[in-house]
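What follows is a short report on a single structure.
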Amino acid sequence: MPLLFTRKIIEHTHIALWEIVEEEHFFTKKMTLTETEIERLNQIKGGRRLEWLAGRWLLHEMSGTSERLICEADSYGKPHLIHSPLEMSLSHSNEVAAAILAPESVGIDIQKLVVKIERIAHKYMREVESESLNEYRIEHLHIYWGAKEALYKAYGRRELDFRKHILIEPFDYQENGMTTGRIAKGDFEANYKIFFEKIGEYVLVYAIEN
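What the sequence shown shows, in our numbering, is residues 673 to 882, in sequence order.
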């Protein structure tokens with residue numbers, strides 16, 4: 673069974689990882705999709721179909737309920753659970769899906785480590801963040817990127833500038849650690865605790881609103 677792990681972070685807040693090794697029919701046999709879900713799946717092409725299905729099955733595995741939690745997109749495109757007070761977030765990278773469930777606003781991101789992240793660093797790194805980079809530069813850059821992705825997902829309303837509106841407290845790189853982050857745009861402001869860890873060739877980052 674490719675459930676890599678499920679972990680309780682704090683009360684009612686859980687994260688989980690799933691290794692995607694199945695074919696589509698594994699998930700479609702286990703899940704009775706709603707008409708809205710079927711319409712959405714039909715719009716997705718290639719390997720992203722499998723990622724989409726795996727993420728929703730992972731949410732069900734995490735919930736521990738017999739009836740599956742239905743995930744739909746709101747008017748901004750942010751996924752949310754129908755008939756549930758819990759907040760959620762999903763992420764995919766290569767053969768791994770990640771999910772988080774919590775009562776508070778949350779976001780999650782998982783990325784496979786790639787050297788080419790250097791090419792886009794100037795698009796999301798503030799000067800004070802870049803000054804904190806150490807000899808583990810590639811891993812460090814992935815955590816900053818993952819943290820900003822997680823906060824972007826938590827915000828869920830698009831139109832955030834990763835340099836201007838998403839601020840990460842500079843931190844020293846380590847394989848497991850935490851920092852803080854803030855979204856500040858106009859009259860909107862929200863603060864988050866950010867947790868990160870290196871898992872094999874991947875970096876997992878998740879954010880929980882304070």
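Idealized CB from N, CA, C, for every residue including glycine.
Residue-level contact to chain C via CB, His697, 8 Å cutoff | Absent from the structure is chain C; it holds one protein chain and no more.
Assign His837 to one of three DSSP states: helix, strand, or coil.
-> coil
Pair every Cβ in the stretch 792-805 with every Cβ in the stretch 737-754, then say whether three or more of these pairs are closer than 8 Å.
-> no
Hey, Ala688 and Ala771 are a contact pair by Cβ (cut 8 Å); roughly how many whole angstroms apart?
-> 5 Å
Please name the residue in Ala862, Gly872, Ile815 and Leu675 whose C-alpha comes closest to that of Ser777.
-> Ala862
Just mark Lys784 as buried or exposed, buried being the case when its beta carbon has 16 or more other beta carbons within 10 Å.
-> exposed
Tell me which same chain residues have a C-beta within less than 6 Å of the C-beta of Ser763, skipping the five on either side of it?
-> Ala770, Ile780, Asp781 and Ile782
Residue range of the beta strand (DSSP E) that includes Glu861 | DSSP places Glu861 inside the beta strand (DSSP E), whose first and last residues are Phe860 to Ile871.
Between Glu707 and the ligand GDP, is the CB less than 7 Å from at least one heavy atom?
-> Here there are no bound small molecules, and the ligand GDP is not part of this structure.
Could you name the residues that DSSP lists as bridge partners for Arg854?
-> Leu839 and Asn863
Does DSSP classify Thr706 as helix, strand or coil?
-> coil
Proximal residues to His732 (C-beta, below 6 Å), its chain only, five neighbours per side dropped = Arg740
Give the C-beta separation of Met734 and Leu773 to the nearest angstrom, bearing in mind that I take them to be a contact with Cβ-Cβ under 8 Å.
-> 6 Å
Check each candidate in His794, Asn714 and Leu823 and name the one with the smallest Cα separation from Leu813.
-> Closest in C-alpha terms to Leu813, from the list His794, Asn714 and Leu823, comes His794.
With 16 other Cβ atoms within 10 Å as the buried cut-off, status of Ser738 | exposed
Per DSSP, which residues does Arg679 bridge with? Please list them.
-> Ile687
Could you check if Ser747 is buried or exposed, using at least 16 other CB atoms within 10 Å of its CB as the buried criterion?
-> exposed
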